[in-house]
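**Q**
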Amino acid sequence: MSKFAIAVHAGAETVKRAEVTKELENRYREGLEEALQAGNAVLEKGGSAIDAVAAAIERMEDNPLFNAGKGGSLNLHGENDFDAAIMDGHTLNVGSVGSVRYVKNPIKLAKEIMIRCKHSFLSGTGAEEYALTQGLELEKPSYFVTEEKQKEWHESVLGDHRQKSHD
Amino acid sequence: TVGAVALDQHGNLAAGTSTGGLENRLKGRISDTPIIGGGTYANNPYCAVSCTGEGEVIMRGATAHEVYALVKYAGEKLEKAADKAVTMYEELLQGDIGLIALNQQGEVAFAFNTNLMKRGYSISGKKPHIALWD
């Protein structure tokens, strides 16, 4: 079996260490480990790096703990919208998605665009229409909103807009 | 933001990133994530890179492509290239930046200027390594 490898991240920010409880740390660790398992499951069977990247990211998009897919941060109006991209180092093929609101897994749409679309980057309703043509799963807006993000949004709207915003 | 970089058994690299964006952002703001060469880049055999942090800073620094360019043209080792890409313009590009990178030898690099970066890796299916703090 030839060498294979995968690395993942779920965001970088500067926070007060006290804000991150042991319980939250453990949930972060579990989420990262699940993503690595999803990617490894593809690579172990000789699957492609592209499929492994998509599998790992899809798992993190479905995890409300991380700022992607379900659990994404809210904009000034309290709405979700998502960006995603995927790139194949062998062919330099790419698929990018900007400002989609209802696509359950934006990384899957980015991959479809990379594989099937004549363009490389689709945004907004055009990207969502393309998701429909490819039979990708769409979700109602409330699917993406978590209580934690809603609370954060209320605090920021009532607070100072100029405060540093986090990824 | 979440991201992944992978090396498959055929020696190919890939990178991917997905984000819910900055909290409290204006409507219509696009992040670095879908900008190829900004938040996401892969090019065999040099490296695959996925970035996270404040997208405006990463877009202006073309950070993912910067790692690749330092490896390919300056001959930097992956870890050095990753560190440089995060720190070399810090007077001009002030903001949170984090990235993960992987090359065809299966070497992994993490670089970030924050105190928390949720990250992990696994080589050839062995026990994964997970880390959070700097």
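Listed in order, the protein sequences are those of chains A and B. Going by our numbering, the letters in the first sequence line up with residues 38 to 204, in that order. Going by our numbering, the letters in the second sequence line up with residues -13 to 120, in that order. All residues carry an ideal CB built from backbone N, CA and C; glycine is no exception.
#1: Grab me the residues of S108 of chain B's own chain with a C-beta within less than 8 Å of its C-beta, minus the 5 sequence neighbours each way, in chain order.
#2: Please list the segments of the alpha helix (DSSP H) lying wholly inside the region 46 to 86 of chain B, counting only runs of 4 or more residues, in order along the chain.
#3: Within its chain, find whatever has a CB closer than 6 Å to the CB of N100 of chain A; leave out the 5 residues flanking it on each side and keep chain order.
#4: Is the CB of E165 of chain A under 7 Å away from at least one CB in chain B?
#5: Using the three-state DSSP reduction, which class does S157 of chain A fall into: helix, strand or coil?
#6: Can you name the residues of chain A whose CB is closer than 8 Å to the CB of Q(-5) of chain B?
#7: Roughly how many angstroms separate the alpha carbons of E81 of chain A and F41 of chain A, rounded to a whole number?
#8: Using 7 Å as the limit for Cβ to Cβ distance, is D120 of chain B near chain A?
#9: Can you find a C-beta in chain B that's less than 7 Å from the C-beta of G115 of chain A?
#10: When DSSP labels each residue in this structure, what does M61 of chain A get in the three-state scheme?
#11: Between the Cα of A78 of chain A and the Cα atoms of A:Y65, A:A93, A:E60 and A:R66, which residue gives the shortest distance?
#12: Listing by chain order, which chain B residues have their CB less than 7 Å from the CB of Y139 of chain A?
#13: What did DSSP end up calling G14 of chain B once you bin it into helix, strand or coil?
#14: I'd like the span of the alpha helix (DSSP H) that includes F181 of chain A, first residue to last.
#15: Secondary structure at T19 of chain B, three-state DSSP: helix, strand or coil?
#16: Can at least three beta-carbon pairs, one atom from the region 16 to 32 of chain B and one from the region 48 to 56 of chain B, be found at a separation below 8 Å?
#17: Go ahead and pull the three-state DSSP assignment for D125 of chain A.
#18: Below 8 Å on C-beta distance, what does T51 of chain A contact in chain B?
#19: Which one or two residues does DSSP pair with N29 of chain B in a beta bridge?
#20: When we look at the beta-carbon of H114 of chain A and count the other beta-carbons within 10 Å, is it buried (16 or more) or exposed?
#21: Going by beta-carbon coordinates alone, are G6 of chain B and F119 of chain A separated by less than 7 Å?
#22: So, helix, strand or coil for R199 of chain A, using DSSP?
#23: Which bits of chain A does E9 of chain B rub up against, with CB to CB less than 9 Å?
#24: At a Cβ threshold of 7 Å, is Y65 of chain A touching chain B?
#25: What is the rounded straight-line gap between the Cα of T183 of chain A and the Cα of E192 of chain A?
#26: Looking at the secondary structure, which residues open and close the beta strand (DSSP E) in which M103 of chain B lies?
#27: Taking K63 of chain B as the reference, which of B:C37, B:P31 and B:P20 has the closest Cα?
**A** By the coordinates alone:
#1: P114 and H115
#2: 49 to 58 and 64 to 73
#3: G68
#4: no
#5: coil
#6: M38, S39, K40, F41, L80 and G83
#7: 8 Å
#8: no
#9: no
#10: Before going on, a small fix: residue 61 of chain A reads as Leu here, not Met. Helix, per DSSP.
#11: A:A93
#12: Chain B residues near Y139 of chain A: none, gap ~14 Å exceeds 7 Å.
#13: coil
#14: P178 to F181
#15: coil
#16: yes
#17: strand
#18: D82, T100, N101 and L102
#19: B:C33
#20: exposed
#21: yes
#22: Confidence at R199 of chain A is low in this model, with a pLDDT of 49, below 50, so the placement of that residue should be treated as unreliable; the coordinate-derived value is given next. Looking at R199 of chain A - three-state DSSP - the assignment turns out to be coil, as it is neither helix nor strand.
#23: N104, S110, L111, N112, K186, E189, W190, S193, S202, H203 and D204
#24: yes
#25: 14 Å
#26: L102 to I109
#27: B:P31
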